[in-house]
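Accompanying notes for the structure given below.
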Amino acid sequence: MTQQQKQRLLARFVGKPDATSLAAAVSGGCDSVALLFLLYDYCRIKKKKLCVFHVDHKLRESSSSDCIWVELLAKKLQLPVYFRKATDQDREAHRQAAGTEAWAREFRYRSFADMVEESGADCVVTGHTSDDQLETVVMRMFSGASLQGMAGIRDETSLKVNGKELLLWRPMLNIKRSELERFLQSKGQQWLTDETNFNEEYVRNSVRHRLIPAIYELFPAAGEKMTPLLHDIGQAQNYLAAQAKIYLDARLTHDSLELVEIEDILKSEVVRQWLIRLGFNREINRNFIERIVDLWKTNASKRRVDHRNYEFTRLGRKIVFARK
């Protein structure tokens, strides 16, 4: 039964990254442990190299024992394993960060980028499931996300982290967590349980334990059924992004954006991409974008949007960006 389960799960992998050496991001939880066993067979069939990455955020006392557990699991499969642990300096950055979840995500990506360089892996594979996808879309929807945010978690993402390219692959976005639990149980394989997953001070945990069960009760296949819609949204966003890039390449001169009348939804995407080019990645949200789009829509010259030590000013048929 286990082999049949494995083949069915492998057949539902999404995305096909152009990579010959993969790194499985393994926390020790159910999703990542199931991913490791599935990738082990996937790489054997596809003749790809495989190693294991583990990141210790040092947010729990038991996290050090998780490292040992993951190392033993990797050795059992005769796979090389790479670790990163948060330092005192990292923990200080955590105390100053806006939120634990955001800090943990950033630290994890920086760790992945370092381990990719150390290991020679082309791609980091994570165990995100259809449950994670549903949680993410629900959270973004009620947080005022844009079209880009509502596209959900992409099966492949290329990031620039500290000047290094980081390719992420999430092959299990069509698979429910409960299916992975049954797969591991049929193998007699244990996994670790992170006690912080039950701490509802974190928004995602509240959504996971309160809202998602109610959705699944009404719509048992909600995660999988949502996939085609998210694909359509992603395609629409890709089209808008391509059109916005053409606009910026033609009408952005230094720090001055020439204004031409276009659809409002395209204006928002043009502004979003402009903000990315200006280096505001972490601060971009719907409100920030809409304030600048309002400058575009108005004919009143010298109106201004202030942001920290910078300003966006409407001057005739242009918006000019400058330091105050």
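Here the sequence shown stands for residues 374 to 697, numbered as in our numbering.
Every residue, glycine too, gets a C-beta built ideally from N, C-alpha and C.
Nothing here was measured: the structure is a model prediction, and the numbers come from that model.
Check whether residue i and residue j have beta carbons under 9 Å apart
| i | j | result |
| --- | --- | --- |
| residue 409 | residue 382 | no |
| residue 509 | residue 550 | no |
| residue 537 | residue 486 | yes |
| residue 553 | residue 404 | yes |
| residue 445 | residue 406 | no |
| residue 724 | residue 662 | In the structure displayed, the chain extends from 374 to 697; residue 724 sits before or after that span and is not available. |
| residue 690 | residue 675 | no |
| residue 632 | residue 692 | yes |
| residue 422 | residue 518 | no |
| residue 492 | residue 440 | no |
| residue 488 | residue 497 | yes |
| residue 527 | residue 398 | no |
| residue 666 | residue 584 | no |
| residue 642 | residue 614 | yes |
| residue 668 | residue 677 | yes |
| residue 569 | residue 433 | yes |
| residue 673 | residue 684 | no |
| residue 575 | residue 465 | no |
Environment of residue i [buried if 16+ CB atoms lie within 10 Å]
| i | result |
| --- | --- |
| residue 645 | buried |
| residue 612 | exposed |
| residue 380 | exposed |
| residue 592 | exposed |
| residue 506 | buried |
| residue 472 | exposed |
| residue 571 | exposed |
| residue 461 | exposed |
| residue 514 | exposed |
| residue 435 | exposed |
| residue 679 | exposed |
| residue 500 | buried |
| residue 396 | buried |
| residue 587 | exposed |
| residue 594 | exposed |
Identity of the residues DSSP links to residue i by a beta bridge
| i | result |
| --- | --- |
| residue 496 | 395 |
| residue 626 | 629 |
| residue 425 | 397, 454 |
| residue 680 | 683 |
| residue 696 | 683 |
| residue 533 | 538 |
| residue 688 | 691 |
Closest Cα partner of residue i within the set the options
| i | options | result |
| --- | --- | --- |
| residue 476 | 665, 655, 532, 662 | 655 |
| residue 426 | 453, 416, 375, 445 | 453 |
| residue 516 | 663, 666, 658, 680 | 658 |
| residue 463 | 429, 445, 495 | 429 |
| residue 456 | 619, 500, 400 | 400 |
| residue 635 | 433, 497, 413, 617 | 617 |
| residue 415 | 619, 387, 668, 694 | 387 |
| residue 479 | 500, 532, 448, 490 | 532 |
| residue 385 | 597, 685, 673 | 597 |
| residue 652 | 378, 451, 535, 438 | 535 |
| residue 402 | 594, 564, 575, 607 | 564 |
| residue 530 | 607, 696, 599 | 607 |
| residue 442 | 504, 474, 562, 672 | 562 |
| residue 377 | 490, 555, 609 | 555 |
Minimum Cβ-Cβ distance from residue i to chain B less than 9 Å
| i | result |
| --- | --- |
| residue 656 | The displayed structure is made up of one protein chain only, and chain B is not part of it. |
Closer than 8 Å: residue i CB and nearest the ligand FAD heavy atom
| i | result |
| --- | --- |
| residue 391 | With respect to small molecules bound, the structure shown includes none, and the ligand FAD cannot be examined in it. |
* **Three CB pairs or more closer than 8 Å across the stretch 574-587 and the stretch 622-632** => no
* To do: Mind the definition here: the stretch 533-544 touches the stretch 386-404 only if three or more C-beta pairs lie below 8 Å; say whether that holds.
  => yes
* **Three or more C-beta pairs below 8 Å linking the stretch 601-609 and the stretch 518-528** => yes
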